[in-house]
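If you want the working numbering, it's the 1-based position in the sequence shown plus 1472.
The beta-carbon is built from N, C-alpha and C at its ideal position, and this holds for glycine as well.
None of the values given here were measured: they were computed from a predicted structure.
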Amino acid sequence: MAQRYVRIQNQEGQIYYGLLQLSLNVQVLDAPPWLHGQPTDLTLTPENYQILAPCAPSKIVAVGKNYADHAAEMGTSVPSEPLIFFKPPTSIIPSESQIKYPPQSQRVDYEGELALVIGDYAFECTPEVAQTKIWGYTIANDVTARDLQKRDAQWTRAKGFDTFCPLGPWIVRELNPGARLQTFLNDDVNPVQSACIDQMVFSPDVLVSYISQVMTLLPGDLVLTGTPQGVNPLHPGDRVRVEIEGIGRLENTVAFR
């Protein structure tokens, strides 16, 4: 099993990065792992910590319509270059937390995605260099108020509500390019989304390179790489689970705000 890097909070409220062991103990690091954090002598047992979202980025840069089938189901063509937008860091919640359905919206959709964790400053990178700036991989759900997205001239409100970026549960360093992403609702054994990540129109290295021509990506920043076909509404009381082979599962429930 790949090493799983987590971000946790102990019972006293202190936040640490660490390595999750098979026993579910966490060996604490002295700094974020992408900043060369090293193992310490402190180990926390499962009853003494809570798993948080695995990073605390300065920004979340997300990509729209990066799977051709999803662009088609949205009634649009694939963009000729990556379509990027922001989600605020305040939208992040960890696995097992609640997505809060805002009263402003009548339709809130799930969007299961692969998320890239940036490990080093990235500015005006070629795709080859950009690949070296990707420190690891985790799972995201780019929750979207679809009716507001269609109503507004831009996507900030639709994508930016608190709790609209479930993230986690941990980060892995390596990922098979053909890993399958699947999204499940409630107890249905059939996925509502299922695609291999190599079906992206623009690959992770191209995305990071493109974004780095616009803005500097900082260590710990996130890039959400787009969602495949199959997006549909969530409702209060639902449970949504996003799985990516080689990473794990991100699971959240939905409740009224």
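Out of curiosity, what's the CA-to-CA distance linking residue i and residue j?
i	j	result
Pro1649	His1542	19 Å
Leu1653	Leu1588	14 Å
Gly1720	Pro1641	8 Å
Pro1705	Ser1495	37 Å
Glu1646	Gly1591	13 Å
Met1672	Pro1663	19 Å
His1707	Leu1491	35 Å
DSSP state of residue i, grouped into three classes?
i	result
Trp1607	strand
Tyr1477	strand
Lys1631	helix
Glu1600	helix
Ala1528	coil
Leu1679	helix
Asn1613	strand
Asp1660	coil
Arg1652	strand
Ser1666	strand
Asp1619	helix
Count the other CB atoms, across all protein chains shown, that sit within 10 Å of the CB of residue i; report buried if there are 16 or more and exposed otherwise.
i	result
Tyr1593	exposed
Thr1604	exposed
Met1473	exposed
Arg1713	buried
Glu1600	exposed
Pro1566	buried
Gln1621	buried
Taking 8 Å as the cut-off, is the CB of residue i close to at least one heavy atom of the ligand NAP?
i	result
Gln1603	Of ligands this structure carries none, so the ligand NAP is not represented either.
Between the options, which lies nearest to residue i when the distance is taken from Cα to Cα?
i	options	result
Lys1559	Glu1484, Leu1639, Ser1549, Pro1505	Leu1639
Leu1586	Thr1697, Ala1540, His1707	Thr1697
Ala1612	Ser1563, Ser1684, Ser1681	Ser1563
Pro1676	Gly1608, Ile1523, Pro1561	Gly1608
Asn1482	His1508, Leu1524, Pro1504, Gln1493	Leu1524
What whole-angstrom Cβ distance do residue i and residue j have, given they're in contact under 8 Å?
i	j	result
Leu1679	Val1535	6 Å
Asp1624	Thr1699	Not confirmed; about 19 Å, so no contact.
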